[in-house]
Structures are given as C-alpha cells and as structure tokens.
Amino acid sequence: MRNSVRSDSGDFVRTWLAASPPRKRKKVIVLGATSGIAMEVQRQLADRACELLLVARSPQHLASLQADLLVRGAPQVLIFPADLSSIPEHKGVFEFARREFADFDTVLLAYGSMHDQKDSETLIEVLLEELQVDFVSAAAILSLFAAELEHRHVGCIAAITSVAGDRGRRSNYVYGSAKGGLSLFLQGLRSRLHPAGVSVITVKPGPVQTPMTDGMPNASHFADPQEVARDIVRGLERGSPDVLYTPRIWRYIMLAVKWVPEIIFKRLPL
Amino acid sequence: MRFSMSSTQSPFNPPQRQPQSAMSLPQGSPVPRLPKERVFSWGRYPKTEHRHIYKPAWNDWIPGILEAAEQGSLLPFGMGRSYGDSCLNAGRDLVQCHRLNRILGFDESTGIVRCESGVSLSDVIDVFLPKGWFLPVTPGTRFVTVGGAIANDVHGKNHHCAGTFGAHVHQVALHRSDNGLMFCSSRENPEMLRATIGGLGLTGIIAWADVQLKRVAGPWINAQSIPFESLKTFLDLSHESNDLFEYTVAWIDCFSGRNARGIFFRGNHSPECQKKFHPKRGPKLPFELPGWILNRYSVRAFNTTYYTVQAARKRSGLVAYDSFFYPLDSIRQWNLLYGRRGFLQYQCVVPEKSLAAFEKLLDRIAHSGMGTFLAVLKQFGSAKPAGMLSFPRPGLTITFDFAMRGEQTLTLMRSLDEIVQESSGAIYPAKDARMSAAMFETSFPDWRDFVPYVDPKMSSSFWRRVTGAL
Chain A
-12 MRNSVRSDSG DFVRTWLAAS PPRKRKKVIV LGATSGIAME VQRQLADRAC ELLLVARSPQ
48 HLASLQADLL VRGAPQVLIF PADLSSIPEH KGVFEFARRE FADFDTVLLA YGSMHDQKDS
108 ETLIEVLLEE LQVDFVSAAA ILSLFAAELE HRHVGCIAAI TSVAGDRGRR SNYVYGSAKG
168 GLSLFLQGLR SRLHPAGVSV ITVKPGPVQT PMTDGMPNAS HFADPQEVAR DIVRGLERGS
228 PDVLYTPRIW RYIMLAVKWV PEIIFKRLPL
Chain B
2 MRFSMSSTQS PFNPPQRQPQ SAMSLPQGSP VPRLPKERVF SWGRYPKTEH RHIYKPAWND
62 WIPGILEAAE QGSLLPFGMG RSYGDSCLNA GRDLVQCHRL NRILGFDEST GIVRCESGVS
122 LSDVIDVFLP KGWFLPVTPG TRFVTVGGAI ANDVHGKNHH CAGTFGAHVH QVALHRSDNG
182 LMFCSSRENP EMLRATIGGL GLTGIIAWAD VQLKRVAGPW INAQSIPFES LKTFLDLSHE
242 SNDLFEYTVA WIDCFSGRNA RGIFFRGNHS PECQKKFHPK RGPKLPFELP GWILNRYSVR
302 AFNTTYYTVQ AARKRSGLVA YDSFFYPLDS IRQWNLLYGR RGFLQYQCVV PEKSLAAFEK
362 LLDRIAHSGM GTFLAVLKQF GSAKPAGMLS FPRPGLTITF DFAMRGEQTL TLMRSLDEIV
422 QESSGAIYPA KDARMSAAMF ETSFPDWRDF VPYVDPKMSS SFWRRVTGAL
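Residue numbers (my numbering), protein chains in the order written: chain A, -12 to 257; chain B, 2 to 471.
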C-alpha cells in the first residue's frame, strides 16, 4: 500500500498521499508501560483488541498489568522487564520485540521522570539523571525502532513529551529542556520518516493526575488520565496529528505562552 | 544512585521534602505524604480535614505505608460513596485506593473474578456484562469499589434471595500492619474474613478479593412497576413478589405518612439478548445548588408528580439494567443538589413484627416536612449475615435523605433513633454521620467481638464516635 520513494515524476505527491490514509493499528509496543498515562492508554487499546508488548522496570507490576489487559480483551499481551534509562538494555528490548512481536506497527514511548527543580539545580547527579531518562535514553531507543519501521515502511511512533518543553520556565526548566529536546528530536524524526510513510506523533499533555504529579499544588484540577489517553489512542489510530496537545486547550495556552517576548517572559515568576 | 524511569515507580516527591530522600526511596516504598486536600463523603457532611492522603498505585507500596504509620492513623478510602463519616478519618490519614484498579484474573468456568480493591463495580460491569456475567449483588450506585462493597457489606434489590455482597466473596487478601499480607477465606482465617466483610475498612487494606459473578443472558431486565397506597398493600406485594422476582424495591412518598403511597418495582433478568443496548451517559451537576431549592413545597410537588407519572405509566416492560439499578447515577454528582451544607441519609431496619413502630416512623417524617424525594423501602430476606457487623437483617428497611439544616435535622434524626431503638432495629453505618454510641450498641450488640480484629493502625471518624476508641 505504501510506496517507497522512486525518482519518477509525481512520486512526491504519491508519498504525500500515502502517509495520510488512516489505518487500523494492531500491534503496539509501550515503553514505560507502568506510567500513569500509559496504563490508561493500554486499557483503551485492549478494549479495541490490540496486541500489546509492555516494557517497564518492575516484573511484578508488568505481570499484574498483563493479567488485567488480557481480561479486558487484549488478544495477546507480552511483557519484557527492562530499565529503559539504561541504554545497554535497549538492544535486548529491541531484539525481543523483533523476535516475539514481529510486525509490530506502533511504538508508544511513555516513560519519564520529574524531580524537584530545586534538586536538579543543586545536585548535578539529579540534573544528569533527568536528562538521561527524559531525553538521552528516549532518543536512543526511538532511533532503534525508527530504523526498523522506516525499513518496513509502516507504522506510527508516538512519544509523550510535555507542554513544559515548549518554553523554559524557572520553576521547571530542567524537566522542560529534556522534554523540549525530545520534542525537537521527534520533529526531525518525523521529517525523516515521512517519505517512508511512518507517522511520528509528539504528544504534549498538560498536567495530568498521575503519581508523577501527586503533591503538586492544585493537583485536583489536573486533567483526567482517561481523557488524555482517549486523545492519544485516537492519535495512534489515525497517525495524526503531528503534534498532539491534550487536553486540547493546551494548544492555545502554549501558543499564547510562546508569543510572550523573552524580555517580559524572563521577569514572570512562572 | 538509581534512575527513576517510569513515573509510577518513582513517586513524585513534594517540594517540602528533604533533598536526599528523593534518591534514597527504594522501589516499592510508600508514596510520600501529600499536602492537604479536601476529601468529602457523599453526603458532604461532616466537612473534615485530613492530614495526608496516600494514593498508592501498586499493592507493593502498601506495606511501606502501613509500616510508617502511627497507631490508629490510617483508613482505606474507595470512591467516597459512603454518606457519612465511616469513610473519613478526621485529622488523620486516608489511603485512597482508586489506583489499585486491576483485574488480576477471571475463571470463565466458575465465574470467579479476582480484582484489586480499587476496581469499581462499574468497571466490573463494563468488562463482564458483554461476556454474560453480572454482579451477584449491586447497590444503588455502580460507582463504588469492590473494597468498599466488601467493607460495608452492601446489599441490593435482591437481598431476599441473594443476601449481601459479602456472601459472594470467596477470598480476600488483606494487608495488615501486624501480620503482613493475610489470606482470608472460609478455609483460612475464616473469622478475619467475617470481620472484614462489613468491617468498615478497619481490619486492614484489601489487596485483592475473589468475587463470584453470576450468569445473565444480557443487559435487560423484565421490570414491573405497581403503585400502592398503603403499607399493608406494600407488604402483600412484597411477600407475593419475593418468591417470583429476583429484584424488589419500592419508592415511597415520604409526605404520605403511615398510609404510604408509593411505587413497587420488581424485576428479573430477561433472557433477551438480541436487542441492542446503548449505554447512556447522563448530565453532570456542575456545582452546588443553593440550599433553598429543595424545600417542602418543591419536594412535595416533585413527589406528587413522580407518583402520578409512575402510576399512569405502562406497568411492565423491558428495561436496561442501568436505569433499573442505577437511576441516580444518570445525574453525576447529584449530591451537589443539596447545596453547601450537604445532606444526611437515614437508613434503618425495623423487625417486621414492630409494624407499629414503622408506621410511627413514617408519620414522624411526614409531619416534620423535612423529607425529600429519595425514600426507598425494601423487605430484607432472612439470609445469615456474611459479616460480623453486617447491617441487613430480617425486617423492613427504609432510607430517607434529609438536607442538612443544622440542629433541627439532627433533632429529627434523634427522634427517629428513639423509635428504632424501641423496636430493637438498627442503623446502617455506611449512611450514618451522627448516631450515638447507645444507638450503635442497639444496632450491633456484638460489636465488641469485632474489636480484636481491628488493625492497630486503622481507625475512622465513625469508629471513634460510636465506640469511643482513641
């Protein structure tokens, strides 16, 4: 269905069109399957009878997720315990996916960590860890899967970054810069994979009620993870939009935030 | 130094903590204490403050929470559908279990489902009704957790033939602060199982439970509604229906006194499975309505209209399970209807031989003019109670809502207590926010037998009020 780039005339139009028709995706790999948002996404995918490969650190947690998703209607759920922040483990994850979960067509990267900003300012280890988890390791593992999907000319890659990555703020710029870096990485990847017909979705959620945000001020007003998951699943099914803000209001909020001139922005206590 | 890769495995640390603790939290350690957050019960009365709300995402975080807690400081919390203070722990901590919502297994051949304590009944229905299974017993709302249904040993319209929810629980795994994870079933620790069923969350935190589901053909109920105009007619209807119908309940107009008029609802699961079913999602009450909206005139008008409309309607037909079991769930957050001060629910059971007391009760409420549109009457069956503190027992049970209007509401409810006490009836703890220690003693004369099973680190506002526990 999807053509590779050939050098006759009109191929540009052909590849342009080839990327657009939505196609039902069936085999999904979730990297960071025990994150609050990922767990909701997985339930909704199970409901749609998708096959799943879950990767996360804790074997016990993965086992209980596997049981849950099988009861909820997923025809197959594979689990693979791995610490994705450690790059040497990526090869094992990738090989397992190729061997046991061949023909996967969707990859969702959902892991991340957020430390207290004050700690990342004072402790260099915390800063490096945050960048390692949220950006370096994410870029590394996505590159592996991107090459495979590019080669096969199918699929969709989605990664959860954050609205915090749209502009550096004093209260959260370490997390923000890691997520912002990942957003830029995805932007380039999208352009690279476009001719191969692989779509890349940058998911930018606003604050969501998950264990990661517990204890933040106003946490009870944060978005419901189910709602965020609904948007992501819809995005995975359609392979669009390129940049998915969820809840949608954040597209407009961030548009406004990005427009504030730096000379003013640097004075704002945000 | 370890990486916190997945957010759920690395609990976010609130700003006030010490810098070092972030890195030293081992996996499976308790969630850090969260800053103050208001948590209400469904009646939104009493309005209490809690110290901390734990929100564990995994069962293996709970031992850490238990270990770190002081004596009598914790209480598990589900979806907050208890009306009064039995799900509150004023000035102390709550362990909110809504994230423990995984179904751990299902045996197709027996219909036994194993689920974590925070799985909601709504979720169980959504997953299993399409497979032809339904809850053995369901309360009037689907938005309660399995843990909460066990802890309050909830009953439903089929109490006369199926007993309470707890009667269908085969096994429970209980996190205890003194004993670790404890398995309770009819073979292993049967007394702890009996204490946990109806134990108001005081015996520990349920990790998971095995619940027996029942086979049904589909989502449809063959329902009938029959108007009645006296308590005698109600009793005749109830006696006649209990053998033939799985579900029976009645709504009464609480302004009609002892000549209770109302509508008797009864039904059975229908063998119909072809007809298409579309779940409905109703509106949501977005904010608290002003308190004066529900007054004796508006409620009286509502009740008369409801009775007239129901009495004139078609008497029998096929009804979807959700409108048969959960009419109130169609308006989300309907509790905000009662305004800022909230409301109290009064549910008591009176032995059938004390019919005079029951009539007195109805008269008292009718004269007070404070009743509202929700008044539900049901005849309990004679099933053996599943738990030590189970509320259902043979007799007539009635439920009223009262908008909270301060002392006059409390006075009325105390006067109702006297009537119930005379007839050695009982009050339902899950609905209560104010009963006296003496009333509790009448309701549960054997409550002291339950005390040894209380986890030393658990307590609740309700428990301290009715037993004087510290």
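The C-beta atom is built at its ideal place from N, Cα and C for all residues, glycine as well.
Taking a C-beta distance under 7 Å as the contact criterion, F326/B and L390/B do not qualify as a contact pair. Within 10 angstroms of the beta-carbon of F288/B lie fewer than 16 other beta-carbons, which makes it exposed. Within 10 angstroms of the beta-carbon of H102/A lie 16 or more other beta-carbons, which makes it buried. Taking 7 Å as the cut-off, the beta carbon of V40/B is found no closer than this to the beta carbon of H53/B.
By the criterion of a C-beta distance shorter than 6 Å, S83/B is surrounded in its chain by S42 and A431, once the five residues flanking it on both sides are discounted. For Y239/A, the uninterrupted alpha helix (DSSP H) run begins and ends at I236 to W246, by DSSP. Counting along the chain, L32/A sits inside the alpha helix (DSSP H) bounded by residues G23 to D34. For H161/B, the enclosing alpha helix (DSSP H) begins and ends at H160 to A163. Of the candidates R35/A, V80/A and H138/A, the residue whose Cα lies closest to the Cα of P182/A is H138/A. In the three-state reduction of the DSSP assignment, N296/B falls in the coil class, being assigned neither a helical nor a strand state. The distance from the Cβ of L201/B to that of F374/B is about 28 Å, inconsistent with a contact at the 8 Å cut-off.
Annotated as distal: V190/A and F209/A, with beta-carbon spacing of 7 Å or more. Annotation: T148/A is outside any beta strand (DSSP E) and is labelled neither H nor E by DSSP. Under a criterion of Cβ atoms nearer than 7 Å, the residues of chain A adjacent to W59/B are, in order, H48. Distance from the Cα of N260/B is smallest, within the candidate group D211/B, L362/B and F303/B, for L362/B.
In the same chain as G370/B, and ignoring 5 residues on each side of it, the C-beta atoms closer than 7 Å to its own belong to R297, in chain order.
Distance from H169/B to V138/B at the Cβ level is roughly 6 Å; contact confirmed, criterion being Cβ atoms closer than 8 Å. Runs of the beta strand (DSSP E) lying entirely within the segment 33 to 120 of chain A, each at least 3 residues long, are 38 to 43, 64 to 68 and 93 to 96 in chain order. If you look at N243/B, you'll find it in the alpha helix (DSSP H) that goes L232 to N243. Burial state of G396/B is buried, judged by a 10 Å Cβ sphere holding 16 or more other Cβ atoms. Taking 7 Å as the threshold, the shortest C-beta distance from R52/B to chain A does not fall below it. With its beta carbon less than 7 Å from one in chain B, D55/A belongs to the interface. Inclusion of L57/A and L40/A in the CB contact set at 7 Å is not warranted, their separation being larger than that value. In the three-state reduction of the DSSP assignment, L362/B falls in the helix class, which pools H, G and I. In the three-state reduction of the DSSP assignment, V120/B falls in the coil class, being assigned neither a helical nor a strand state. Contact of V58/A with chain B is assigned, a C-beta pair being separated by under 7 Å. The DSSP-derived three-state label of R115/B is strand.
Counting other Cβ atoms within 10 Å of its Cβ, E38/A reaches 16 or more and is therefore classed as buried.
For the 7 Å CB-CB criterion, K166/A and G152/A form a contact. Not a single CB atom of chain B sits nearer than 7 Å to the CB of P62/A. Contacts with chain A at 7 Å (Cβ-Cβ) include G106/B. Contact check for A251/B and K379/B: beta-carbon distance about 7 Å, within the 8 Å limit, so the pair qualifies. The criterion of a C-beta distance shorter than 7 Å is not satisfied by M414/B and R342/B. If the five residues before and after S124/A are omitted, its C-beta is found closer than 7 Å to the C-beta atoms of L71, S72 and I74, all from its own chain and listed in chain order. Take the alpha-carbon of V120/B and the one of I207/B: they are about 11 Å apart. With the criterion set as a beta carbon lying under 8 Å from some beta carbon of chain A, the members of the segment 122 to 144 of chain B are V128, in sequence order.
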